[in-house]
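Undergrad: Handing you this structure, nothing more for now.
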Amino acid sequence: GGAIKYTLGRNPYGYRGLGDISVFIFFGIVAVLGSYFVVAHTIPSWIFILPAVAIGAFSIGVLNVNNIRDMKTDAGIRVTVPIRLGLKRARIYHTILIVVGWSCLIAFNLMRFPDPWHWLFALTLPLYIYNLHGVWTRTERALDPLLPQLVLSTFALSILMGAGYLIFLI
118 GGAIKYTLGR NPYGYRGLGD ISVFIFFGIV AVLGSYFVVA HTIPSWIFIL PAVAIGAFSI
178 GVLNVNNIRD MKTDAGIRVT VPIRLGLKRA RIYHTILIVV GWSCLIAFNL MRFPDPWHWL
238 FALTLPLYIY NLHGVWTRTE RALDPLLPQL VLSTFALSIL MGAGYLIFLI
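Under the working numbering, think of the first position of the sequence shown as 118, with each following residue one higher.
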């Protein structure tokens, strides 16, 4: 239902700049904490909000790159966050999303996991730096490759986080 109401219906929330909130809730908070609950059969500790916020921030980053790319074609049709902010502030917003995501993951690991294997995800940091560089230096129309790049970077980060935890347990 949430995905359908993003662009369809009488008053789609994606056209009012509310897509970021929806992505954060469903792809960050619900996905991470819900997955934890399904696997562990218990409500996670408050500390697990940190990786949920991180994945949510990276997911918003994907939407933000898409919306920056489409600013010219969306003008007058949709009111996305980048249209509200303007190009420079949308780039700053993207930087904040990536920095918040990484800060949450670093804080999570510092509070919970001193073992070096838990830092395996840090191997993906150059991918996020590459993404930020591209968002700041490319024209809006040249941002297409950065969409799957950020999705795959977040996927790789998630796999490496899980792998680090599994290696630690073995």
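The beta-carbon is built from N, C-alpha and C at its ideal position, and this holds for glycine as well.
1) Go through its chain and collect everything with a Cβ distance to Val179's Cβ below 7 Å, but skip five positions before and after it.
2) Can you tell me the Cβ-Cβ gap for Trp234 and Ile284, rounded? I've got them flagged as a contact below 8 Å.
3) Quick check: what's the CA-CA separation for Asn181 versus Val252?
4) Pop quiz: Gly218 and Phe272 are said to be a contact at Cβ under 8 Å. What is the actual Cβ separation, rounded to whole angstroms?
5) Shortest alpha-carbon distance to Phe144 belongs to which of Leu244, Val170, Leu240, Asn184?
6) Check whether the segment 245-260 touches the segment 149-158, taking contact to mean three or more Cβ pairs, one atom from each stretch, closer than 8 Å.
7) Measure the alpha-carbon distance for Thr241 versus Thr190 and round it to whole angstroms.
8) Near Pro161, which residues of its chain fall below 6 Å by C-beta distance, leaving aside the five closest residues on each side in sequence?
9) So what does DSSP say about Val268, is it helix, strand or coil?
10) State buried or exposed for Ala259, treating a residue as buried only when at least 16 other CB atoms are found within 10 Å of its CB.
11) To which residues of the same chain is Cys221 closer than 8 Å at the C-beta, ignoring the five residues directly before and after it?
12) What residues in its chain sit with their C-beta under 6 Å from that of Phe141, if we drop five residues either side in the sequence?
TA: Looking at the atomic coordinates:
1) Leu264, Leu267, Val268
2) 5 Å
3) 10 Å
4) Actually they do not touch by this definition, with Cβ atoms about 14 Å apart.
5) Val170
6) no
7) 32 Å
8) Leu150, Tyr153
9) helix
10) exposed
11) Leu167, Pro168, Val170, Ala171, Ala174
12) Gly173, Ile177
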